[in-house]
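Undergrad: From first to last, the protein sequence lines stand for chains A and B.
Here the first sequence stands for residues 1 to 451, numbered as in our numbering.
Here the second sequence stands for residues 1 to 419, numbered as in our numbering.
All C-beta atoms in this analysis are idealised placements derived from N, C-alpha and C, irrespective of residue type, glycine included.
Keep in mind it's a predicted model, so treat the numbers as computed, not measured.
One structure follows; several queries about it will come next.
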Amino acid sequence: MTARLYAGAAALALFAGMAHADGHQPFAVGEGGFSWDSFTAFADKYDLSGQTVEITGAWTGNEKEKVDAVFSYFESATGATVNYSGSDSFEQDIVISTRSGSAPNLAAFPQPGLAADLASQGLLSPLPEGSAAWIADNYAAGQSWVDLGTYADADGNDQTYGLFYRVDVKSLVWFSPIAFDEAGYDIPETMEELKELTDQIVDDGGTPWCIGLGSGAATGWPATDWVEEMMLRTQPPAVYDQWVSNEMKFDDPAIIAAMDEFGYFALNDDYVDGGSTAVANTDFRDSPAGLFAIPPSCYMHRQASFIPAFFPEGTEVGEDVDFFYFPAYEGKDLGKPVLGAGALFAITNPSEATNAMIEFLKLPVSHELWMAQGGFLTPHKGVNPETYASDSLRAQGEILLNATTFRFDASDLMPGEIGAGAFWTGMVDYTTGTPAADVARGIQERWDAIQ
Amino acid sequence: MDNIAGTKSSLSWAVHISVVALVVLWLIPTVGLLVSSFRDRDAITATGWWLSPFSVEQAYRVQPELDGVTEDNGYSVLEGNLFGAEGSGEVSGFGITARAPNAASPGQVYARFNVDVEEPDGTIDDTRLELAYPVGSDPAFPETDDDGNRILTDTAVLDRSLEAQVNGDFRYVSEGELRRAPSLYVTSLSPPRFSLENYRTILFSNGMDVAFINTFTVTIPATIIPILIAAFAAYALAWMDFKGRGFLIAMVVGLLVVPLQLALVPLLQLHNKVGIGQSFLGIWLAHTGFGLPLAIYLLRNYMVGLPRDIIESAKVDGATDFQVFTKIVLPLSFPALASFAIFQFLWVWNDLLVAKVFLPSNSESWVMTVKIADDLLGSRGGDWGILAGAAFISIAVPLAVFFTMQRYLVRGLLAGSVK
């Protein structure tokens, strides 16, 4: 009885799987601006018929469709089967499956902190030989990407585990060009101008900013981005690195000052939609809605390049909404720092087909295929920028490639307890009235406790 | 003395009111969820569910196409309807900036003038002045502007103006040539909007049928197996005398407080070692294990309360333990079995965590909860409407189960069996 039920379910599942396996390759091989040469060379080199690559990651819904389309080209090139499954609770799932021995072949980590944790427990396998040199040569600011993907293994030796694929630029301010046009506002080039504009909007009777920190269990993370941006704009990058590694204590005056720079915007009732008390209560997914309200409930929203996914349906980036670079202080001479984050692939269960997939992900075409579907930025220097889905994405890609300083999201690099815990909740406390010095001291105490 | 036992307390109305209040309090979130399940994401972001039954005054930006622009004295004139060629509606206000979308009412002209002003110290400056006035009449300029400067009316030059009627007909006049569509703003009452779109998305999404069947494939065995095992165990712990019985009962009660999350990794490791791996068989075993402590505890406590006389007289008549169990204890325990079955069914049906751990992660083995959480909710889970709709769809089967099983939860099954 049970065996039959089981077989029945399996047969049904198989049938359903076949029904929607085919026919979602959005671009014909050989057409368009894609680097198909590398693709055909790759297809000639590998024949992996009958092999399977199991991949898990945090991309779900519409992002899963896009990444599935990319993998379908791997399937048609090699004959192997790719099973990608996205999970909303990827961070927990991957820990359970690697520890209990049912790990997938590859995992797409949304941030490096967790990958470093797993690597130190010996649950990841290093990338194939030569990958580190390849990344250094082919990614813009290559060595920094190698460093972000290099972790200590179980014996404490550094090895390269992570191949970055899909990067977000965080230093963007979104605004409605129509609203700016009607009010006669110019895009600020410096932080001083941005603060002036903020005051001018208040003088004109408007509200300049929409800030929302709500994100379920992760409430507070958008504020950590703000503080990181402010660190890069008030301190040299070396200080930022010391902060990440805790060589500089969290309650150092430099960091408290950066928090207060965020507070300059977020704690002023006139500057934020709904007043400063609304900051911690507004969901980050809902907060950009104020840009599109009539009358506008805010004029600017600082958020990473992924946020257009949460704009109201039918919004066109470039027409209804646009972005400018979150500017740096003119008076501080720190260049044009850019904050970013990104997902990386790491091998959790090695196989021949898995190594081939890593090689595939190094091809420019695997990046271009997602670039052309939208919502994807890459530091890969070999890609054809013409394949970006829109001008605005191309412009974001240029911000990434032209940054004088690029730094990775600090909270993603700090130990999980801090970067995905104390820092988040600390920022919620800060926006609800706790002084910056107390918040910083609290976070440092937690950090001391785990060391 | 009006509170003597047997007479109705005068405070009974207070009890009734508090019961009603509690029920309403309990229902509010559910009603909110139900209302939200009929609204789309943008509407949910815009207003709370409690405002959804009312018409709201909503402002729109209209960018009319530049068809039939005529020229008049250096001004471009564009005429049309704010609701488009086919649309209809009732204009309650209109304007030419997003900041003041209802600056004028229908039948008026709303115009922006460039005008010179004289500051108190006599210097002449220019400013922009926006005002509304009835169609056909001349604009009535105020004496001074907001800053208290005197307006030199003769210098006023029209920059742009918009006139609109209630039915949406408008006339837009702008200095120079119109190069791109102007942004016009109009407010009108929009009726409440409800749709079944969320339910359609959920029910007809790719693979929902498989997920539904998978949920049954998990739930039914995972409900039956623990009941079978627990009924035997409970009988033994209640009515059979053996050494260490008390200790065993204490162990079972102790297991009730162990969080199942502790067991996830070791249990999956064990499954991988014995070759079950991630499979339906594995999840049945896992749910059985996680459900057994409560099942045994519940059933034992019920069975131990059955009258000793019935069981002893059966034994005197020569019944074996197995016969006592199947012929007497099991039928009498039906209410307890049914209530545990409801518990276990609901818990397994709603389970997300155990399904994620013990079933393969590919989409062919997704149960409904996983399908909803990982596929339908969209990237980073922004679709609240889908979440609300999915809650009501997934609640349908457990509700049916509850109401069919409920009739077994009869009281007084034992009434009159023992004198």
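#1: How would you write the range of the alpha helix (DSSP H) that V70/A sits in, first residue to last?
#2: For F109/A, name the three-state secondary structure that DSSP assigns.
#3: Cβ of N83/A less than 7 Å from any chain B Cβ?
#4: So Y75/B is in the beta strand (DSSP E); what residue range does that whole segment cover?
#5: Do the CB positions of L82/B and G176/B come within less than 7 Å of each other?
#6: Return the CA-CA distance between S339/B and M405/B, expressed in angstroms with no decimal places.
#7: Is there a Cβ of chain A sitting closer than 7 Å to that of Q278/B, yes or no?
#8: Tell me the residue span of the alpha helix (DSSP H) that contains N355/A.
#9: What does R99/A touch in chain B if you count any residue whose Cβ is under 8 Å from its own?
#10: Out of T354/A, L377/A, E352/A, which has the shortest C-alpha to C-alpha gap to P364/A?
#11: To the nearest whole angstrom, what separates the beta carbons of V69/B and V109/B, a pair I think is in contact under 8 Å?
#12: Closer than 8 Å between beta carbons: that is the criterion. Which residues of the segment 42-67 of chain B meet it against chain A?
#13: Tell me the DSSP bridge mates of H380/A?
#14: Output needed for L292/B: all residues of its chain with C-beta closer than 7 Å, excluding positions within five of it in sequence on either side, in chain order.
#15: Under 8 Å Cβ to Cβ from P182/B, same chain only, skipping five residues before and after it: list those, please.
#16: Mind pulling the chain B residues with CB within less than 9 Å of E182/A?
#17: Buried or exposed for F408/A, please, with buried defined as at least 16 other CB atoms from any protein chain shown within 10 angstroms of its CB.
#18: If R112/B sits next to R128/B, beta carbons under 8 Å apart, how far is it from one beta carbon to the other, in whole angstroms?
#19: Runs of 4 residues minimum, wholly inside the segment 238-324 of chain A: which ones carry the alpha helix (DSSP H) assignment?
#20: Which residues in the same chain have their Cβ closer than 7 Å to the Cβ of G385/B, if we skip the five residues on either side of it in sequence?
#21: For the alpha helix (DSSP H) containing S18/B, name the first residue and the last one.
#22: Establish whether the CB of D374/B and some CB of chain A are separated by less than 7 Å.
#23: Note down, in chain order, every chain A residue with its Cβ under 7 Å from the Cβ of V357/B.
#24: For S245/A and S394/B, I'd like the C-alpha separation in whole angstroms.
#25: Within 7 Å (strictly less), CB to CB, does P296/A reach chain B?
#26: Are the C-beta of D137/A and some C-beta of chain B separated by less than 7 Å?
#27: Taking 6 Å as the limit between beta carbons, can you name the residues of its chain near F290/B, skipping five residues before and five after?
#28: For Y139/A, does the count of other Cβ atoms within 10 angstroms reach 16, so buried, or fall short, so exposed?
#29: Is DSSP giving F408/A helix, strand or coil here?
#30: Can you name the residues that DSSP bridges to Y110/B?
#31: Which term fits M251/B, buried or exposed, when burial requires 16 or more other beta carbons within 10 angstroms of its beta carbon?
#32: Just to confirm my understanding: we take G122/A, look at its own chain, exclude 5 residues before and 5 after, and list those with CB closer than 6 Å. What are they?
#33: Short check: CB of A107/A to CB of A346/A, under 7 Å?
#34: Go ahead and pull the three-state DSSP assignment for E398/A.
#35: Report the CB separation of V279/A from L213/A in whole angstroms; it is logged as a contact under 8 Å.
#36: When you compare the CB of N272/B with every CB in chain A, is at least one pair closer than 7 Å?
TA: Judging by the given coordinates:
#1: Walking along the first sequence from the start, residue 70/A turns up at place 70. Start and end: 61-78.
#2: In the first sequence, the residue the question calls residue 109/A occupies position 109. The answer is strand: DSSP assigns F109/A an E or B state.
#3: In the first sequence, counting from the first residue as 1, residue 83/A sits at position 83. Yes, because at least one Cβ of chain B sits closer than 7 Å to the Cβ of N83/A.
#4: Looking up residue 75/B in the second sequence gives position 75. For Y75/B, the enclosing beta strand (DSSP E) covers residues 75-81.
#5: Residue 82/B sits at position 82 when you count from the first residue of the second sequence. Residue 176/B sits at position 176 when you count from the first residue of the second sequence. No; because the gap between Cβ atoms is not below 7 Å, this pair is not in contact.
#6: As a working mapping, residue 339/B is identified with position 339 in the second sequence. As a working mapping, residue 405/B is identified with position 405 in the second sequence. One C-alpha to the other measures close to 8 Å.
#7: Taking the second sequence and counting its residues from 1, one reaches residue 278/B at position 278. Yes, Q278/B counts as interfacial toward chain A.
#8: Counting from one through the first sequence, the residue named residue 355/A turns up at place 355. Unbroken alpha helix (DSSP H) run through N355/A: 352-362.
#9: For the purposes of this step, residue 99/A is identified with residue 99 of the first sequence, where counting begins at 1. Per Cβ cutoff of 8 Å: V265, Q269.
#10: Position 364 of the first sequence, counting from 1, holds the residue named residue 364/A. Closest by alpha carbon: L377/A.
#11: Along the second sequence, read from residue 1 onward, the residue named residue 69/B stands at position 69. Along the second sequence, read from residue 1 onward, the residue named residue 109/B stands at position 109. Not a contact, Cβ separation roughly 18 Å.
#12: Cβ contacts with chain A come from D42, T45, A46, A59, Y60, R61.
#13: The residue labelled residue 380/A in the question sits at position 380 within the first sequence. Answer is Y139/A, bridged to H380/A.
#14: For this step, residue 292/B is matched to residue 292 along the second sequence. Cβ within range, chain order: P226, I229, A230.
#15: Numbered from its first residue, the second sequence carries residue 182/B at position 182. The residues are Q63, P64, L78, I96, R160, Y172, S174.
#16: Mapped onto the first sequence, residue 182/A falls at position 182. Chain B residues near E182/A: I96, T97, A98, R99, S183.
#17: Working through the first sequence from its first residue, we reach residue 408/A at position 408. Looking at its Cβ environment, which holds 16 or more other Cβ atoms inside 10 Å, F408/A is buried.
#18: Start at 1 with the first residue of the second sequence, and residue 112/B comes out as number 112. Start at 1 with the first residue of the second sequence, and residue 128/B comes out as number 128. Contact flag correct, Cβ pair sits at about 6 Å.
#19: For the segment 238-324 of chain A, whole alpha helix (DSSP H) runs of length 4 or above, ordered along the chain, are 253-266, 277-281.
#20: Along the second sequence, one-based indexing puts residue 385/B at 385. S36, S37, R39, D40, R41, I44, N198, listed in sequence order.
#21: Indexing the second sequence from 1 puts residue 18/B at position 18. Looking at the DSSP string, the run of the alpha helix (DSSP H) that includes S18/B is 12-36.
#22: Numbered from its first residue, the second sequence carries residue 374/B at position 374. D374/B counts as touching chain A.
#23: Residue numbering aside, residue 357/B sits at position 357 when the second sequence is read from its first letter. I96, listed in chain order.
#24: Within the first sequence, the letter at position 245 stands for residue 245/A. Within the second sequence, the letter at position 394 stands for residue 394/B. Cα-Cα distance, rounded: 46 Å.
#25: Locating residue 296/A in the first sequence gives position 296, counting from the first residue. With 7 Å as the cut-off, P296/A counts as an interface residue toward chain B.
#26: Working through the first sequence from its first residue, we reach residue 137/A at position 137. D137/A does not count as touching chain B.
#27: Along the second sequence, one-based indexing puts residue 290/B at 290. L260, listed in sequence order.
#28: The count along the first sequence starts at 1 and reaches residue 139/A at position 139. Buried, by the Cβ-count rule.
#29: Looking up residue 408/A in the first sequence gives position 408. If DSSP states are grouped into helix, strand and coil, F408/A belongs with the strands.
#30: For the purposes of this step, residue 110/B is identified with residue 110 of the second sequence, where counting begins at 1. In the DSSP output, where bridge partners are listed per residue, Y110/B has A132/B, L162/B.
#31: Residue mapping note: residue 251/B aligns to position 251 of the second sequence, counting from 1. Flag for M251/B reads exposed.
#32: Along the first sequence, read from residue 1 onward, the residue named residue 122/A stands at position 122. Answer for G122/A: A154, listed in chain order.
#33: Position 107 of the first sequence, counting from 1, holds the residue named residue 107/A. Position 346 of the first sequence, counting from 1, holds the residue named residue 346/A. For A107/A and A346/A, yes; Cβs fall inside 7 Å.
#34: The sequence position of residue 398/A within the first sequence is 398, counting from 1. Helix at E398/A.
#35: Start at 1 with the first residue of the first sequence, and residue 279/A comes out as number 279. Start at 1 with the first residue of the first sequence, and residue 213/A comes out as number 213. Yes, they are in contact, since the Cβ atoms of V279/A and L213/A sit about 6 Å apart, within 8 Å.
#36: On the second sequence, residue 272/B is found 272 positions in, with the first residue counted as 1. It does; some Cβ of chain A falls within 7 Å.
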